[in-house]
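The opening residue of the sequence shown carries number 75 in this note's numbering; numbering runs sequentially from there. Quick reminder that beta carbons are idealized off the backbone N, C-alpha and C, glycines included. One structure is given here, and the rest of the page talks about it.
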Amino acid sequence: MPQIIRSQKVYDVCIIGSGAAGGGAAKVLTEGGLEVVMLEAGPLLDPLKHYTEHLWPYDLAHRGAGIGGTGYNASGSRELDVAFISGHIEGEPYTNAPDSPFGWDRARILGGRTNHFTRVWLRMAEADFKGRSLDGAGYDWPITYQDLAPYYDKSDAYVGAYGTTEHIPSAPDGVFQPPPFPRCSDVIIRSGCKKLGIPCIPGRAAILTQTLNGRAPCHYCNQCERGCRMNSNFSSSQTLIPAALATGRLTIIPNAMAREILVGADGKARAASYIDKSSRTEQQVRAKAFVIGASACESARLLLNSKSTLFPNGLANSSGVVGRYLMETAASGVVGYFPQLAKLPPHNHDGTGSVHVYTPWWKYDRTNKFLRGYHIEVYGGRNMPRVGMFSGVLEEVEGYGNSLKQACREKYGGFVAVEGRGEMIPNELSHCEIDPSVVDQWGIPVLRFHFAWSENEIKMAADMNETFRAIIEAAGGTPVSENGSSTSRWGHLYPGGVAHEVGTVRMGSDPKTSALNGFCQAHDVKNLFVTDGACFTTNPDKNPTPTILALSWRASEYLLDQAKKLNL
Ligand SMILES: Cc1cc2nc3c(=O)[nH]c(=O)nc-3n(C[C@H](O)[C@H](O)[C@H](O)COP(=O)(O)OP(=O)(O)OC[C@H]3O[C@@H](n4cnc5c(N)ncnc54)[C@H](O)[C@@H]3O)c2cc1C
Ligand code: SF4
Numbered sequence: 075m076p077q078i079i080r081s082q083k084v085y086d087v088c089i090i091g092s093g094a095a096g097g098g099a100a101k102v103l104t105e106g107g108l109e110v111v112m113l114e115a116g117p118l119l120d121p122l123k124h125y126t127e128h129l130w131p132y133d134l135a136h137r138g139a140g141i142g143g144t145g146y147n148a149s150g151s152r153e154l155d156v157a158f159i160s161g162h163i164e165g166e167p168y169t170n171a172p173d174s175p176f177g178w179d180r181a182r183i184l185g186g187r188t189n190h191f192t193r194v195w196l197r198m199a200e201a202d203f204k205g206r207s208l209d210g211a212g213y214d215w216p217i218t219y220q221d222l223a224p225y226y227d228k229s230d231a232y233v234g235a236y237g238t239t240e241h242i243p244s245a246p247d248g249v250f251q252p253p254p255f256p257r258c259s260d261v262i263i264r265s266g267c268k269k270l271g272i273p274c275i276p277g278r279a280a281i282l283t284q285t286l287n288g289r290a291p292c293h294y295c296n297q298c299e300r301g302c303r304m305n306s307n308f309s310s311s312q313t314l315i316p317a318a319l320a321t322g323r324l325t326i327i328p329n330a331m332a333r334e335i336l337v338g339a340d341g342k343a344r345a346a347s348y349i350d351k352s353s354r355t356e357q358q359v360r361a362k363a364f365v366i367g368a369s370a371c372e373s374a375r376l377l378l379n380s381k382s383t384l385f386p387n388g389l390a391n392s393s394g395v396v397g398r399y400l401m402e403t404a405a406s407g408v409v410g411y412f413p414q415l416a417k418l419p420p421h422n423h424d425g426t427g428s429v430h431v432y433t434p435w436w437k438y439d440r441t442n443k444f445l446r447g448y449h450i451e452v453y454g455g456r457n458m459p460r461v462g463m464f465s466g467v468l469e470e471v472e473g474y475g476n477s478l479k480q481a482c483r484e485k486y487g488g489f490v491a492v493e494g495r496g497e498m499i500p501n502e503l504s505h506c507e508i509d510p511s512v513v514d515q516w517g518i519p520v521l522r523f524h525f526a527w528s529e530n531e532i533k534m535a536a537d538m539n540e541t542f543r544a545i546i547e548a549a550g551g552t553p554v555s556e557n558g559s560s561t562s563r564w565g566h567l568y569p570g571g572v573a574h575e576v577g578t579v580r581m582g583s584d585p586k587t588s589a590l591n592g593f594c595q596a597h598d599v600k601n602l603f604v605t606d607g608a609c610f611t612t613n614p615d616k617n618p619t620p621t622i623l624a625l626s627w628r629a630s631e632y633l634l635d636q637a638k639k640l641n642l
């Protein structure tokens, strides 16, 4: 019989996961005086080893294209991306129900996906919290913008984000550093927007343009997905977790895959059972309270796998909503080719690894063909050439040597992507559940996904497509994406393609229809909190991470308060 090793120590709090949710909770709880242990399924992160933002393709094995060139057509950067695994984790599969495409992007490393995310930093607006009251679709959150605003402010000020104050109702302002100047590609797209009467304002991103707490400002190398040894962009591993470690009250257990939360006879969570991946042994760590921040679907998986006599449907799941209401971001994009950009003399046009300009949702005061809205992100610039970058040219141009190089040079820098990110309204068909017959290499039952876009998201994608083509043409470019029709679903991205999955352990005021209250605390288990995107009630057009961090910060302050009052 396998031996289970139990910790002697009882920590104040056990946090599971170290991304925005886990890192945020670790900072606030340890600074508040609690002894915290963190289980992280991946290894610790060493920036000198894992962050590669200044390496050239020729510095890397296979020029960065992966063994056998597997990363070549995907963009060629795969061995350069610190946290990239494209949903494939050796020995840790997931499954899809028939006709239910859903790609699950995961990272297994300290800091999770915050090591490589694009860092677009948008807070939700007042209307985003009460969609159902406003137009009857979806659900209302149990909290308001005013409840969360102070925590958005605190996290903006600590993380460091650029942007401008604009007073736009659909895009509340934050605590901003000055934005970077627009790139040539941004100036061109902005001119197209202007002709069409579409606003295009400075971008908002969690990247420093000024020194903050000893962190240097960005030097515009545009390689944020590969980390940043300068620590100029936000990642949980370099920004939140060091603050928690500095208190001396955080213990991190790396390579620790939580498999179950165990409960006592009093119905409270008492221990986390985990697999120590290095020794392949099962261990237990005990704590007085638990914060789950393993990312939306991993958190649902952990709760569903935590079955007991008291909680036969999984922990915190008396409502039956755990795993349900899975939402992604509705998204479509059009790439434009601008010969005027391609003919520029070589110059540094890289910028940050995020948006320098963007368009907040601008049609909120009109009647549209769909409910809710989307924002526009603009990506251009002359990034560092990488393996795979010219694969499109190679498909079009025959030849080799100087003439081929010339063709590549002519196209280099000439493409700009105009991308839409829109709200998905929760539906009954989109959810995840435990697959009854598949386990991972640790013996932990895996998730099976069901997913369907509704007509609303498809109509939104059609509007994005039409609008982006018009912007590109008004700016003097030619749309090159072949996705402007209903047969191509207007370029609507593969579900999971934006990696903004949320909603699987949602919050709400009614314990019969939600798993958590407005403080991310389980209705059924008062010493259990879920603070990642799983707790979202809806998924507005805003990219989720600032809201995850603000919610985790708020939940942690509430936990501190309840711990002081001996209420947990
Ligand atoms: C390419 C890309 C670009 C993105 N761009 C943006 C953007 O511009 N703006 C934005 O707001 N968002 C963006 N996102 C989304 C953003 O990355 C996530 O919202 C954010 O990382 C979520 O934080 P999290 O803490 O919930 O989870 P994660 O960052 O995924 O971290 C979860 C951690 O938990 C660990 N874990 C999982 N299961 C277990 C377990 N059972 N036991 C122990 N540990 C476990 C994982 O190893 C991981 O380290 C992007 C995502 C991707 C992939
Ligand atoms: S663009 Fe700026 S923030 Fe991003 S990796 Fe380069 S220096 Fe760091």
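Distance between Arg360 and Lys83 (C-alpha atoms, nearest Å): Translated into positions along the sequence shown, residue 83 becomes position 9. Translated into positions along the sequence shown, residue 360 becomes position 286. So the alpha carbons of these two residues sit roughly 7 Å apart.
Straight-line Cα distance separating Ala589 from Ile622: Numbered from its first residue, the sequence shown carries residue 622 at position 548. Numbered from its first residue, the sequence shown carries residue 589 at position 515. The alpha-carbon separation between Ile622 and Ala589 amounts to approximately 17 Å.
Burial state of Ser428, where buried means 16 or more other Cβ atoms lie within 10 Å: Here the question's residue 428 lines up with position 354 in the sequence shown. Buried is the call here.
Range covered by the beta strand (DSSP E) that runs through Tyr411: Here residue 411 corresponds to residue number 337 of the sequence shown, with the count starting at 1. It spans 404-411 - the beta strand (DSSP E) in which Tyr411 sits, taken as one unbroken run.
The alpha helix (DSSP H) enclosing Glu631, as first and last residue numbers: Here residue 631 refers to the residue found at position 557 when the sequence shown is read from its first residue. 619-638 is the span of the alpha helix (DSSP H), which, as asked, contains Glu631.
Residues bridged to His505 [DSSP beta-bridge criterion]: Start at 1 with the first residue of the sequence shown, and residue 505 comes out as number 431. Its beta-bridge partners are His524.
Nearest to His505 (by Cα), restricted to the options Glu372, Val604, Arg300, Leu415: Mapped onto the sequence shown, residue 505 falls at position 431. Nearest of Glu372, Val604, Arg300, Leu415 to His505, Cα basis: Glu372.
DSSP state of Phe364 mapped onto helix, strand, coil: Numbered from its first residue, the sequence shown carries residue 364 at position 290. Here DSSP, grouped into helix, strand and coil, assigns Phe364 to strand.
Inter-residue Cα distance where the pair is Asn422 and Ile326: Against the sequence shown, residue 422 aligns to sequence position 348. Against the sequence shown, residue 326 aligns to sequence position 252. Taking the straight line joining both Cα atoms gives about 40 Å.
Any non-hydrogen atom of ligand 2 closer than 7 Å to Met304 Cβ: Within the sequence shown, residue 304 is the residue found at index 230, counting from 1. Yes; taking the cut-off as 7 Å, the Cβ of Met304 has a heavy atom of ligand 2 nearer than that.
Closest residue to Leu468 among Pro459, Ala481, Asn476, Met458 (Cα-Cα distance): If you number the sequence shown from 1, residue 468 lands on position 394. Taking only the C-alpha atoms, the option nearest Leu468 is Ala481.
His293: CB within 7 Å of a non-hydrogen atom of ligand 2: For the purposes of this step, residue 293 is taken as residue 219 along the sequence shown, with counting starting at 1. Yes, since a heavy atom of ligand 2 falls inside the 7 Å radius drawn around the Cβ of His293.
Any non-hydrogen atom of ligand 1 within 7 Å of Ser380 CB: Numbered from its first residue, the sequence shown carries residue 380 at position 306. Checking every heavy atom of ligand 1 against the Cβ of Ser380, none is found closer than 7 Å.
Where Lys600 falls: helix, strand or coil (DSSP): Your numbering for residue 600 matches position 526 in the sequence shown. For Lys600, the three-state secondary structure derived from DSSP is coil.
Simplified DSSP state of Glu451, which is helix, strand or coil: If you number the sequence shown from 1, residue 451 lands on position 377. In the structure shown, Glu451 sits in a strand (DSSP, three-state: E or B).
Residues that DSSP places opposite Cys88 in a beta bridge: For the purposes of this step, residue 88 is taken as the residue at position 14 of the sequence shown. DSSP output for Cys88 lists Val111, Phe364 as bridge partner(s).
N-terminal and C-terminal residue of the alpha helix (DSSP H) that Phe610 is part of: Translated into positions along the sequence shown, residue 610 becomes position 536. That residue, Phe610, is in no alpha helix (DSSP H); it is neither H nor E in DSSP.
Reduced DSSP secondary structure (H/G/I, E/B, other) of Val492: On the sequence shown, position 418 is the one that residue 492 refers to. In the structure shown, Val492 sits in a strand (DSSP, three-state: E or B).
Nearest candidate by alpha-carbon position, reference Phe176, set Ser353, Asn617, Leu567, Gln297: As a first step, residue 176 is located in the sequence shown; it is residue number 102 there, counting from the start. Among Ser353, Asn617, Leu567, Gln297, the Cα nearest to that of Phe176 belongs to Leu567.
Beta-carbon proximity list for Ser229, same chain, < 8 Å, skipping 5 on both sides: As a first step, residue 229 is located in the sequence shown; it is residue number 155 there, counting from the start. Contacts found: Gly98, Pro620, Leu623, Ala624, Trp627.
Which of helix, strand or coil DSSP assigns to Gln480: Mapped onto the sequence shown, residue 480 falls at position 406. Residue state for Gln480 is assigned as helix, using DSSP reduced to three classes.
Element boundaries [beta strand (DSSP E), containing Met198]: If you number the sequence shown from 1, residue 198 lands on position 124. Taken as a continuous stretch (DSSP letters only), Met198 belongs to no beta strand (DSSP E), as it is neither H nor E.
Same chain only: Cβ atoms within 8 Å of Asp86, ignoring 5 sequence neighbours per side: As a position in the sequence shown, residue 86 is number 12, starting the count at 1. Same-chain partners within the cutoff: Leu103, Leu108, Glu109, Val110, Ala361, Lys362, Ala363, Ala637.
Proximity of Glu493 and Ile450 at Cβ, strictly below 8 Å: The residue given as residue 493 occupies position 419 in the sequence shown. The residue given as residue 450 occupies position 376 in the sequence shown. Cβ atoms of Glu493 and Ile450: closer than 8 Å.
Touching by the beta-carbon criterion (3+ pairs, under 8 Å), the stretch 236-253 and the stretch 189-209: Segments in contact, yes.
Leu282, DSSP secondary structure in three states: The residue given as residue 282 occupies position 208 in the sequence shown. In this structure, Leu282 counts as coil in the three-state DSSP scheme.
Cβ-based neighbour list, Tyr207, same chain, cut-off 7 Å, excluding 5 preceding and 5 following: Position 133 of the sequence shown holds residue 207. Note on identity: in this sequence residue 207 is Ser, with Tyr being the wrong assignment. Only Asp214 meet the Cβ criterion.
According to DSSP, residues forming a beta bridge with Val467: Position 393 of the sequence shown, counted from the start, is the residue given in the question as residue 467. Looking at the DSSP assignment, Val467 forms no beta bridge with any residue, so it has no partner.
Distance, Pro500 Cα to Gly212 Cα: Here residue 212 corresponds to residue number 138 of the sequence shown, with the count starting at 1. Here residue 500 corresponds to residue number 426 of the sequence shown, with the count starting at 1. When the Cα atoms are used, Gly212 and Pro500 turn out to be separated by approximately 6 Å.
Coarse secondary structure for Ala343, derived from DSSP in three states: Here residue 343 refers to the residue found at position 269 of the sequence shown. In the three-state scheme derived from DSSP, where H, G and I count as helix and E and B as strand, Ala343 is classed as strand.
Where Ile369 sits in the DSSP three-state scheme: Here residue 369 refers to the residue found at position 295 of the sequence shown. With the sequence shown as reference, residue 369 is identified as Ser, and Ile is not the correct amino acid for it. Coil, per DSSP.
Member of Thr126, Tyr438, Gly288, Ala346 whose CA lies at the smallest distance from the CA of Met331: By 1-based counting over the sequence shown, the position of residue 331 is 257. Out of Thr126, Tyr438, Gly288, Ala346, the CA that lies nearest to the CA of Met331 is found in Ala346.
Inter-residue CB distance, Val337 and Ser392 (contact presumed, cutoff 8 Å): In the sequence shown, the residue the question calls residue 337 occupies position 263. In the sequence shown, the residue the question calls residue 392 occupies position 318. Not confirmed; about 13 Å, so no contact.
The stretch 390-406 in contact with the stretch 576-584 per 3-pair CB rule at 8 Å: Flag = yes, the stretch 390-406 and the stretch 576-584 touch.
Length of the line joining the Cα atoms of Cys88 and Gly367: As a first step, residue 88 must be located in the sequence shown, where it is residue number 14. As a first step, residue 367 must be located in the sequence shown, where it is residue number 293. In a straight line, the C-alpha of Cys88 is about 11 Å away from that of Gly367.
Cβ neighbours of Tyr348 in the same chain (closer than 8 Å, five flanking residues each side left out): On the sequence shown, position 274 is the one that residue 348 refers to. The residues are Leu113, Ile327, Ala330, Met331, Ala332, Arg333, Glu356, Gln357, Gln358, Val359.
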